[in-house]
Amino acid sequence: MSKLNDRLHVGQKIAPPLRALEGDFESAFANAGRLMTAIGEGRLKARAPFGVGVKAIEQINLCLNSMVDAAKSIDALHISLDELRADFGLPATALGDYGDKPSVTPVEDAQPLRIAS
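Read left to right, the sequence shown gives residues 1 to 117 (the working numbering).
Shown next, in the form of structure tokens:
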């Protein structure tokens with residue numbers, strides 16, 4: 001196996017666990033949001049005094065802040081891995097948020113993408 005093929009193989013081994021890690025974070029963010037909602041709705045339903053459960057909400061907030069910091073590190077990891085890919089002379093094989101990626105050939109008569117909120 002050539003050095004280039006070895007490097008491509010290594011890159012292909014990195015992508016799936018990286019995507020899985022990102023998916024785990026997305027799930028964790030969604031679960032934290034559901035937890036926060038459940039606590040708030042539970043407090044309302046139980047007609048709890050205002051201060052009851054505030055410490056738990058504070059702890060969820062601390063967890064979320066830590067998760068955001070970790071997510072920023074994962075985002076920075078993408079940039080580092082892209083630099084490593086370039087250092088190894090490997091082609092970019094997927095579209096991403098940063099830097100030049102493989103060119104996309106425009107489709108004739110294609111309508112521009114419109115995003116409405």
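We put the CB at the ideal spot given by N, CA and C, even for glycine.
Check	Outcome
Burial state of residue 73, where buried means 16 or more other Cβ atoms lie within 10 Å	exposed
Residue of 15, 52, 26 and 39 minimising C-alpha distance to residue 78	15
Cα-Cα separation between residue 3 and residue 91, rounded to whole angstroms	14 Å
Cα-Cα separation, residue 33 to residue 80	30 Å
Alpha-carbon spacing of residue 67 relative to residue 61, whole angstroms	10 Å
Beta-carbon proximity list for residue 35, same chain, < 8 Å, skipping 5 on both sides	60
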